[in-house]
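All remarks here apply to the structure that follows.
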Amino acid sequence: MLAVTAASSASANSNATGSAVNVAAELEARRTAVDQREALADRREAELANKEAIREARSQLEDASHSRLEILIAAFGILITVVIVFFALNTAAGAREAARKEIAEEKSNIERIVSEATQHLEAIKTHGTEATKHLEVIKETGSEARSILDGMKSGEPPQPPDERRTIEASQKPASERSIEDLKALIDTSRLAGDWPAMREHAQALLYLYGHDLAAVRKARFNLAYALDEFGNYDDAIAELDKLIATYSEAVEPQDDERRLASAMYNKGIALGHLGKSEEAIALYDAMIERFDNRDDPALRRQVANAMLSKGYRLGVLGKSAEAISVYDELVRRFEGEEDLALLVPVAKAMVNRSVRLGLLGKNAEAVAANDQIINRFEHNTEPDLLEQSALAMVNKGLRLRAMGSTSASIAAFEDAINRFGESTQTVIQKQVEKALYMLASAYARQADIDPAIANLRRWSSHRSGFDCGKVAGDKDFDPVREDSRFVALLLEMGCSSE
38 MLAVTAASSA
48 SANSNATGSA
58 VNVAAELEAR
68 RTAVDQREAL
78 ADRREAELAN
88 KEAIREARSQ
98 LEDASHSRLE
108 ILIAAFGILI
118 TVVIVFFALN
128 TAAGAREAAR
138 KEIAEEKSNI
148 ERIVSEATQH
158 LEAIKTHGTE
168 ATKHLEVIKE
178 TGSEARSILD
188 GMKSGEPPQP
198 PDERRTIEAS
208 QKPASERSIE
218 DLKALIDTSR
228 LAGDWPAMRE
238 HAQALLYLYG
248 HDLAAVRKAR
258 FNLAYALDEF
268 GNYDDAIAEL
278 DKLIATYSEA
288 VEPQDDERRL
298 ASAMYNKGIA
308 LGHLGKSEEA
318 IALYDAMIER
328 FDNRDDPALR
338 RQVANAMLSK
348 GYRLGVLGKS
358 AEAISVYDEL
368 VRRFEGEEDL
378 ALLVPVAKAM
388 VNRSVRLGLL
398 GKNAEAVAAN
408 DQIINRFEHN
418 TEPDLLEQSA
428 LAMVNKGLRL
438 RAMGSTSASI
448 AAFEDAINRF
458 GESTQTVIQK
468 QVEKALYMLA
478 SAYARQADID
488 PAIANLRRWS
498 SHRSGFDCGK
508 VAGDKDFDPV
518 REDSRFVALL
528 LEMGCSSE
């Protein structure tokens, strides 16, 4: 009984022990499951936090999309957030160190990108400011164009800018005109040959802006120009002296140097008009000395013109040999130039030289000099050079006639008429007229009545009228004067038979 009871008791104890073990195991399993669920909950909570951070970063990115700089800054925030989440989820020491290095590198890259973006943004702002300025200019131009168009009549072409400036300046009260307004009015008056208006505007510029050196120089130069055109040479010289006095011996800016050279040259011309050749020559010498070695083409032309005028003034004083020397020097110095403005004084110097040679009785040299001019410039199409060629052809005929070579002179005059008879240049037609008369007189000297009368008719037709006094007083026509055909011609032309 006791054994059975003991066995039963033992069995019961054994069962109780097993049950306790099972309960403990079950409790441990439940605890583990709870720990796992808590860990899972923590993980999910971290994931949710991560997603929320990413969602918030995306929202920040979308809000900052209007600016490149703000986008980059938002990207920087996103990256920092992601790195922080990454750092929170990786607690190992090695992972944290790697994360720090990666964060440092990315931060450096982002700072670089942000710096570049900032520069681009500043450039964009600068371009934006420039674009705004251009837009304002366009608006102003459009407004000006509209104003111009509104003031135009139907079918009227647009006016050039210079003309518009002149019109606008002329519409302002005289006391309100700017320096540029008065300059425009002066230039327009000069081009139109309106000397009273030019003088008035120059005086206004001098009165209103006498404190401005550039304005003073412009005013005095043009005032002197207008006075010269009026024939008031003394007053013109006085203004030019005041202008020249504003310059020192130092080299001035190019435009001012050119104006000084023109002022000195114009003063020399005015002195010549007053018969003061010696003073003019001295001024030309001073001008040549100051500007002789300049490279500026405009100043080189002024030097050439000064030399040409000096030679002319020496000729007026009867100093032909000295004049020839000046002309020779001018030709030597500028002969190889291709600038038309330099070739013209060269050609004129060659013509003047031939004339001076003739006056010295050196007719053969004069003929050779004229041939040189003809050969060089005859086929040039520039009007100023054609004029010199025509002069050379007629002068050649005159020198041949002075040498007694009548036939050769007739041929020279015929060449001039044939070459330039159809020219529309007034100066050249004067030479053709002269050649026709000299041709008629050359035939008359030979008592060759028919060609003499024929060329007198050509001469009369060319000049639109017969000059009875000229023919009556010319002894070259004495050999044919009593010829009935010559008398009939004079009567036909309305001249006295006596």
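Per my numbering, numbering of the sequence shown is gapless, rising by one per residue and ending at 535.
Even for Gly, the Cβ is constructed at its ideal location relative to N, Cα and C.
How about residue i and residue j: are their beta carbons less than 8 Å apart?
{"i": "L526", "j": "L493", "result": "yes"}
{"i": "L557", "j": "K304", "result": "Outside the displayed range of the chain (38 to 535) lies residue 557, so it cannot be described from this structure."}
{"i": "A479", "j": "I447", "result": "yes"}
{"i": "G352", "j": "A360", "result": "yes"}
{"i": "A273", "j": "W232", "result": "no"}
{"i": "A341", "j": "L379", "result": "yes"}
{"i": "F258", "j": "A300", "result": "yes"}
{"i": "G398", "j": "R436", "result": "no"}
{"i": "L250", "j": "T283", "result": "yes"}
{"i": "A206", "j": "I223", "result": "no"}
{"i": "A489", "j": "V517", "result": "yes"}
{"i": "R500", "j": "E519", "result": "no"}
{"i": "A211", "j": "A241", "result": "yes"}
{"i": "V363", "j": "L428", "result": "no"}
{"i": "M440", "j": "I411", "result": "no"}
{"i": "P334", "j": "D376", "result": "yes"}
{"i": "E372", "j": "V383", "result": "yes"}
{"i": "R296", "j": "A317", "result": "no"}
{"i": "F514", "j": "A481", "result": "yes"}
{"i": "Y246", "j": "I281", "result": "no"}
{"i": "A298", "j": "M324", "result": "yes"}
{"i": "I486", "j": "R522", "result": "yes"}
{"i": "N28", "j": "V392", "result": "Given that the chain is displayed from residue 38 to residue 535, the structure contains no residue 28 and the question cannot be resolved."}
Can you have a look at residue i and say buried or exposed, based on whether 16 or more other CB atoms are within 10 angstroms of its CB?
{"i": "T203", "result": "buried"}
{"i": "G348", "result": "buried"}
{"i": "L228", "result": "exposed"}
{"i": "K220", "result": "buried"}
{"i": "A141", "result": "exposed"}
{"i": "Y244", "result": "exposed"}
{"i": "T225", "result": "buried"}
{"i": "K138", "result": "exposed"}
{"i": "D218", "result": "buried"}
{"i": "G6", "result": "Nothing about residue 6 can be reported from this structure: the residues present for the chain run from 38 to 535 only."}
{"i": "L260", "result": "buried"}
{"i": "K512", "result": "exposed"}
{"i": "L186", "result": "Low per-residue confidence applies at L186: pLDDT is 43, beneath 50, and the placement is therefore not dependable enough to give any value."}
{"i": "K385", "result": "buried"}
{"i": "K209", "result": "exposed"}
{"i": "R369", "result": "exposed"}
{"i": "E181", "result": "Note that E181 scores a pLDDT of 49, beneath 50, so its modelled location is shaky and nothing firm can be said."}
{"i": "P290", "result": "exposed"}
{"i": "R214", "result": "buried"}
{"i": "S285", "result": "exposed"}
{"i": "S56", "result": "Because the pLDDT of S56 is 46, which lies under 50, any placement of that residue in the model is unreliable, and the number read from its coordinates should be weighed accordingly. With fewer than 16 Cβ atoms within 10 Å of its Cβ, S56 is classed as exposed."}
{"i": "A129", "result": "Caution is warranted here: a pLDDT of 48 is assigned to A129, below 50, making its placement in the model unreliable, and no coordinate value can be reported."}
{"i": "N330", "result": "exposed"}
{"i": "L422", "result": "buried"}
{"i": "N400", "result": "buried"}
{"i": "A358", "result": "exposed"}
Thinking C-alpha only, which one of the options is nearest residue i?
{"i": "R390", "options": "N407, G268 and A378", "result": "N407"}
{"i": "G506", "options": "L250, H499 and M530", "result": "M530"}
{"i": "E315", "options": "G510, A491 and K356", "result": "K356"}
{"i": "E424", "options": "W496, M235, A252 and K467", "result": "K467"}
{"i": "E415", "options": "A439, E374 and A453", "result": "A453"}
{"i": "F503", "options": "A275, A477, E519 and C532", "result": "C532"}
{"i": "D463", "options": "A477, P420, R495 and R369", "result": "With the sequence shown as reference, residue 463 is identified as Thr, and Asp is not the correct amino acid for it. Checked all of A477, P420, R495 and R369; the closest Cα to T463 is P420."}
{"i": "S497", "options": "I486, A484, A477 and L422", "result": "A477"}
{"i": "F328", "options": "E294, L311 and K313", "result": "E294"}
{"i": "R338", "options": "D265, E374, N146 and L311", "result": "E374"}
{"i": "M235", "options": "K255, Y246 and N417", "result": "K255"}
{"i": "M475", "options": "E459, S460 and S444", "result": "S444"}
{"i": "Q483", "options": "R438, E148 and E326", "result": "R438"}
{"i": "L367", "options": "L345, Q156 and D292", "result": "L345"}
{"i": "Y302", "options": "L311, D292 and D322", "result": "D322"}
{"i": "K279", "options": "D265, N269, D292 and V253", "result": "V253"}
{"i": "Q495", "options": "A509, E451 and G510", "result": "The sequence given here has Arg at residue 495, not Gln. Of the candidates A509, E451 and G510, the one whose C-alpha sits nearest the C-alpha of R495 is E451."}
{"i": "V404", "options": "A449, T418, N417 and D365", "result": "A449"}
Continuous beta strand (DSSP E) assignments of at least 3 residues falling wholly in the region 380-460
none
Counting only runs of 4+ residues fully inside the region 222-295, write out the alpha helix (DSSP H) ranges in chain order.
232-245, 250-266 and 270-281
Write down every uninterrupted run of the beta strand (DSSP E) in the region 457-530 whose length is 3 residues or greater and which is fully enclosed by it, in chain order.
none
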